[in-house]
Every structure is written in C-alpha cells, then in structure tokens.
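> Numbering (the working numbering), first residue to last: 856 to 1513.
Got a structure here, written out as structure tokens. Questions coming.
Following this line, the structure appears as structure tokens:
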C-alpha cells in the first residue's frame, strides 16, 4: 500500500548486442526507459576512473542519439492482410520470443509463405473493393430512379454530359437563386441527411463554365457506373447481380484460404509477435545514446524486480555488458522517478479514480488506501440500502467477471458492500424501512443527528488529510510549507483551534475566553503570512523573499482570506453526506406514495420497481459524483498534488492491435 521504490539501471554494451539487450528488456517488462543523453549530460551516473571503465569514458566524448529508424509499415501491411484473410485475431505469444533470433530471416520466411496465398488474398481484397464501389453506385442510382431518369440514355448522349452531385442545404439555396446563370439543366433529386442531391445535364461546349460555378458551391460529384445500357432500374439489377456473383467468389476464395489456416496460423502469430517486439525495440532505440562502439541505455526498475532483471542480463551476456545500478535517493539531478502504485486486492480498483485526479509523485504517500476507505464510507453513508446496495454489488461482479472491466467492476462491488452495510445500520431494504429493524439509526426520525454526524465525519476526514499532508511535506523536507504553510503544521493547528473554539462556545467544554482563541488564531495566520521570510531566516539565506516583498505579501494576504474561507467551506461541504442520506429515504417515500395511489396492486408494484431503478441509476450516479467531489476538492486539495509520472515500462501486453 505504497509507492514502490525504484532503482536507476544503466546498461552499457557493444553496439552489436543492442537488439539482443533490448529484447531482454522487453521480455522482462519492468524497465521504464529514460533518455540516455539527458542522463549522461546531467551527470546522474558517476563512473570511477579505472582500467575497467576506460573504454566507457572514452566513448562518452563522442555519444549521439541513435538515428537509424527502421520502417515496418510493409511488414505490418502483409501480416495484417494474412490475419484478415485467415480470420485470425492478432495475438502475442511470449514463448515465441528468442533474444537471439534474426528478424530479417523470420520475415523472409513469412513472405515466402505469404506468396503461396498472395494471389488469393489480393483477389479477395480486389473483389471487396469492387463491391464497395458498386454499392455506392446503387445508392446514387436510387436518387435518379425516384425521379424516373433513364441513366443509360443520359450517359450515352453525344453532345451533353450528365452528372449527379451532392451539396449542402445552404449552397443549394444559392444554386436555385442562380439557375439562370448556369448553362445546365439542374434537377433536384432529393435530400439525404444534411445534403441536397441534384442532377445536371450540361452541353459539352459549356462544361468548363458550369464546372466553375459548381466548384464555387463546394459540390461533391457522385460516382455513376459507366458502360451500362438500359434504364436506371435495369442497371441497378445488373449491379446487384454482379455483387452477388462477387460475394459468391469471395466465399469460395475464403473457404480455400481457411483450409490453410491450421498450417499458417503458427507462422502468422510468431511473425506478428516478433513484429511488435521489433517496433518496441525501435521505441527503445529512440531513447538510447550511442558511441563509436558502445551503446548507453538507462531506466528505472522497481526494487522488487531488480534482482530478476540483473540476473537475466548477466545470464545472457556474462561480462560483455556492464550494469550500473544507483539508488534513487542518491540522485541530485536527472529525471524524476516514475510512480508505480502497489496496493492490495481491496484497494487496487480505486487506483483508477486516484489517477483521474493525477499520479502521486515518487516522494508522496500513496493516497489510495485512505481514498478507498473514505470513498466507500461516504458513498455508503449517502446511499445506505441493503437491497439497492446488493444490486450495485451484483452489477460490479457482472462488470468484473463477465465484461472484464476489473477497475470499475471492482469499485462498484465494494461500493455495493458499503451500501449494504449502511443499509443494515439504517434498516432500509429497497427504500422500505419496515422490513428489517435498523441497527443504529433511522435517518428520517433523527434528521439533526444525521446532519451533525455528517459534519463530524467531515472533520475526522479533514484531520486525516492534514496528517497525510504533514507526512508528505516531511518526506519532501519542505520546511516552509511543513511548518508555516496552509496545509502544514500552522494550517493544521489553525483548523484544530477553530474547531475547539466553536465547540467550546457551543458546549462550554473548557470555558476559555474568546479573545484567547482569537489571539492564537491570529498568531497562526501571521505565521502563514510570514512563512517565506521565516523559512529563509532559519535556513540562513540572505534574501528573505524570492520574488520581492510587495508581490509576496499581496499573495500572502489573499492566502489568509482563502485559508479562513476554505476551513469553513470544507466542513460545511460534508453536510451533503447527511442531506443525501435523507434524500435517499425521501425519494423512496415519493415513489411509495405514488404506488399507494395506483388502483391495482400490480400497478403499485410496477411503480415501486421503476422507482428503485430510478433511485439506483440516477441517485446512485449523483452520490458517486458527490463522493468523488468531496474527495477531490475537500480532501485531496489538502495533501495530494498528483503531479507524478506514470510508470510505463517497455513491455509486451497480452494483445496489441495494429
């Protein structure tokens, strides 16, 4: 339940071993590739001057980006064509990957197999293209058929040209206003979607003048089949018959090709797998640095994968490749480490909602566990119902196991469990509070208690947010914000003192005079105002202000106002938790009242079913969004930046489409 620790790996080897190293990196699938030139230029990796490193140090004087870029478009085209012809889904089988294989030889072998069925595949593609063209012709001819135009005769005119065109409604209005200026007979054939379809009969001698006008109207000429005789209806029938004939031929050809599927499928799958590997190798090469004899590759590898990664490289190359390993904590310059979240099965699905806001930085505490628990708590409190919660739970399982949406399905399943738990506390089953006895409280009978409890819950969650913030600021060693900042110790104490002040005045807890509270609150606000000069004084810096005193104090003044307003608004925002808990009951009461007004029992049951569907769908969505809003705006704003870099290792996924 944390951000996984990383190490920086540098790989230095002979240029002749580059492809083999890259394949092992991809097969391992744990290295987040960095730009090697940036790493070397920022002196992130320290090399001791020794006899073992002399070759590397000499190469560093003449390093450059890897510039050669392989083109796989032709290979991709024929592999895709083979896939389509044999009706095989693109898939990757990692067992086909051999670090020592020769891609060129593999593709030569693949092309020899492809040539054996090339004519059949190309004939299928040609027929499919012809069918598409003829279907367009038929569609266009139907416009003429409705007006009774004899296309065969019109296309055979010696001194006239016949065209069919499409243009926008607005352009057609302009065309109508200029009929007298157009040297053509224009016939309106109909309207299709947002366009008007027209036919034009133009003398060949005046064709150029007419074309100039039509072009100015942005017309689109429609294809008409040439070389056919007879009326429009007979031409359409001929085209339809030709399409049937071509489809029949395609069916025969595909049956012929499919007989070869068992023979060619392993070859196609292996070739596709290696094509994807080579494409990923090219992506890696774009980030490496290369010298006269050596290449340099850098990346981040999770601590849990580092031993496996090193052993695979050493097993393949022994001492031919040099591995440089460095702790992230020792780096002063260079790329920031990427963030790989590591959570257990309970919290894992909620990572997607956290990442919607942003990725945690490497030095931030992973907010997922707190987010998951608080989100389930907020949702359940607002949507507490045993029956409706079960429906949400079942929907989550359906999404997860049937529709294979692990993230959202997992979230819904957990929210459903939370809803069922609070449903037991509230004694609510599909909105009805008479079926079971409540274990804790009936919301409609204890409105004030529900609203006050919502505020207490909000205060508790905000307290935890401040603690998270203090931990993050400590990890960053940010003295200014950690001690004097709004989300640091001063801000947290301001929040606690303000809460204590309000409670003391309402409940007379300790009886401290109001001026004492106001004095403490004022002192804390002053610490926040003077946070930068105080920080610089403690650190012994000569300059008290980074951008000038005037600008600083203007910004600090607005910050004080925002601090006061945000504390109040953050707490008040949590009233919605109680309000939605009450609204949930009220909405059911409305549907129950409508059901009682029905003249038959069946109609009443139907109203209750529809009502529950509306409540689950509409109110469930609203509560989902409102819970997310409380997390993002009232809690995340206290402790979470979300400016991290996602961990994207060079790896193969199970299925990669073209």
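Backbone N, C-alpha and C define an ideal beta-carbon position, used for all residues, glycine too.
Computed from a prediction, not measured in an experiment: that's the story for all the values here.
How long is the line joining the alpha carbons of residue 1245 and residue 956, rounded to whole angstroms?
Using only the alpha carbons, I get a separation of about 54 Å.
> What do you reckon, are the CB atoms on residue 1006 and residue 1022 nearer than 8 Å?
Taking 8 Å as the Cβ cut-off, residue 1006 and residue 1022 do not qualify as a contacting pair.
> When DSSP builds the beta bridges, which residues end up paired with residue 1181?
Note: residue 1181 sits in a beta bridge opposite 863.
> What would DSSP say about residue 1044, mapped onto helix, strand or coil?
DSSP places residue 1044 in strand when its eight states are reduced to three.
> Give the secondary structure of residue 1480 by DSSP, where H, G and I count as helix, E and B as strand, and everything else as coil.
Note: residue 1480 maps to helix in three-state DSSP.
> Just to confirm the assignment: which complete beta strand (DSSP E) runs, minimum length 3, are found wholly within the segment 1111 to 1171?
For the segment 1111 to 1171, whole beta strand (DSSP E) runs of length 3 or above, ordered along the chain, are 1149 to 1157.
> DSSP state of residue 1498, grouped into three classes?
In this structure, residue 1498 counts as strand in the three-state DSSP scheme.
> Exposed or buried, what is residue 864 when buried is set at 16 or more other beta-carbons lying within 10 Å of its beta-carbon?
Classification of residue 864: buried, given that the 10 Å Cβ count is 16 or more.
> In whole angstroms, what is the alpha-carbon distance linking residue 1440 and residue 1456?
In a straight line, the C-alpha of residue 1440 is about 22 Å away from that of residue 1456.
> For residue 1221 versus residue 1241, is the C-beta spacing smaller than 8 Å?
No, the pair does not count as a contact, with Cβ atoms beyond the cut-off.
> What residue does the beta strand (DSSP E) around residue 816 start on, and which one ends it?
No statement about residue 816 is possible, as the shown extent of the chain runs from 856 to 1513 and does not include it.
> Have a look at residue 857 and residue 1223 and give me their C-alpha separation to the nearest angstrom.
Rounded to the nearest angstrom, the two C-alpha atoms are 8 Å apart.
> Should residue 1269 go down as buried or exposed, given a rule of 16 or more other Cβ atoms within 10 Å for buried?
The residue is buried, with at least 16 neighbouring Cβ atoms inside 10 Å.
> Just grab the DSSP bridge partners of residue 831 for me.
There is no way to answer for residue 831, as the model of the chain reaches only from 856 to 1513.
> Taking contact to mean 3 or more Cβ pairs, one atom from each stretch, closer than 8 Å, check whether the segment 1309 to 1316 and the segment 1416 to 1434 are in contact.
The answer is yes - the segment 1416 to 1434 touches the segment 1309 to 1316, with three or more Cβ pairs under 8 Å.
> CB-CB under 7 Å to residue 1478, same chain, minus the five flanking residues each way: which ones, in chain order?
Only 1234, 1237, 1238 and 1435 meet the Cβ criterion.
> Evaluate the contact criterion for the segment 926 to 941 versus the segment 1127 to 1138: three or more CB pairs, one atom per stretch, below 8 Å.
Counting Cβ pairs under 8 Å, three or more are found: they touch.
> Let me know the secondary structure DSSP gives residue 1409 once reduced to three states.
Residue state, collapsed to three classes: helix.
> Less than 8 Å separating the beta-carbons of residue 1126 and residue 934?
Result yes, Cβ atoms of residue 1126 and residue 934 sit closer than 8 Å.
> Over the uninterrupted beta strand (DSSP E) stretch that includes residue 1023, give me the two end residues.
Residue 1023 -> beta strand (DSSP E) spans 1015 to 1023.
> Hey, would you say residue 1271 sits closer than 8 Å to residue 1285, going by beta carbons?
It is not a contact, given that the beta carbons lie outside the stated cut-off.
> Hey, would you say the C-beta of residue 1214 is under 7 Å away from at least one heavy atom of the ligand MN?
Ligands displayed in this structure: none; no statement on the ligand MN is therefore possible.
> Quick check on the burial criterion: 16 or more other C-beta atoms within 10 angstroms. Buried or exposed for residue 1001?
The residue in question, residue 1001, is exposed, as its Cβ has fewer than 16 Cβ neighbours within 10 Å.
> Spell out the partners DSSP gives residue 857 in its beta bridges.
According to DSSP, residue 857 bridges with 1197.
> Return yes when the Cβ of residue 1020 is within less than 8 Å of the Cβ of residue 825, no when it is not.
This structure cannot speak to residue 825, because the chain is shown only from 856 to 1513.
> Using a Cβ-Cβ cut-off of 6 Å (strictly less than) and excluding sequence neighbours within five positions of residue 1009, which residues of its own chain qualify?
Taken in chain order, the residues that qualify are 1017.
> The beta strand (DSSP E) spanning residue 887 covers which residue range?
Where residue 887 is concerned, the enclosing beta strand (DSSP E) stretches over 887 to 889.
> What runs of the alpha helix (DSSP H), each 4 residues or longer, lie entirely inside the segment 1330 to 1396?
Runs found: 1334 to 1339, 1344 to 1362, 1369 to 1384 and 1386 to 1394.
> Near residue 1475, what residues of its chain come up, given a Cβ to Cβ distance below 7 Å and the 5 sequence neighbours on each side ignored?
The answer, listed in chain order, is 1238 and 1247.
> With three or more beta-carbon pairs closer than 8 Å as the criterion, would you say the segment 1315 to 1331 touches the segment 1480 to 1490?
Touching, yes.
> Spatial neighbours of residue 954 within its chain, please: C-beta separation below 8 Å, excluding the five flanking residues on both sides.
Around residue 954: 875, 878, 879, 882 and 1171.
> Just how far apart, CA to CA, sit residue 1101 and residue 1003?
Cα to Cα, residue 1101 sits roughly 28 Å from residue 1003.
> Run through DSSP, which three-state label would residue 920 get?
Looking at residue 920 - three-state DSSP - the assignment turns out to be strand.
> Specify the secondary structure class of residue 1297 as computed by DSSP and reduced to three states.
Looking at residue 1297 - three-state DSSP - the assignment turns out to be coil, as it is neither helix nor strand.
> Could you give the residue range of the beta strand (DSSP E) that holds residue 1076?
1075 to 1077 is the extent of the beta strand (DSSP E) around residue 1076.
> Taking DSSP as the reference, what is the three-state secondary structure of residue 1265?
Helix at residue 1265.
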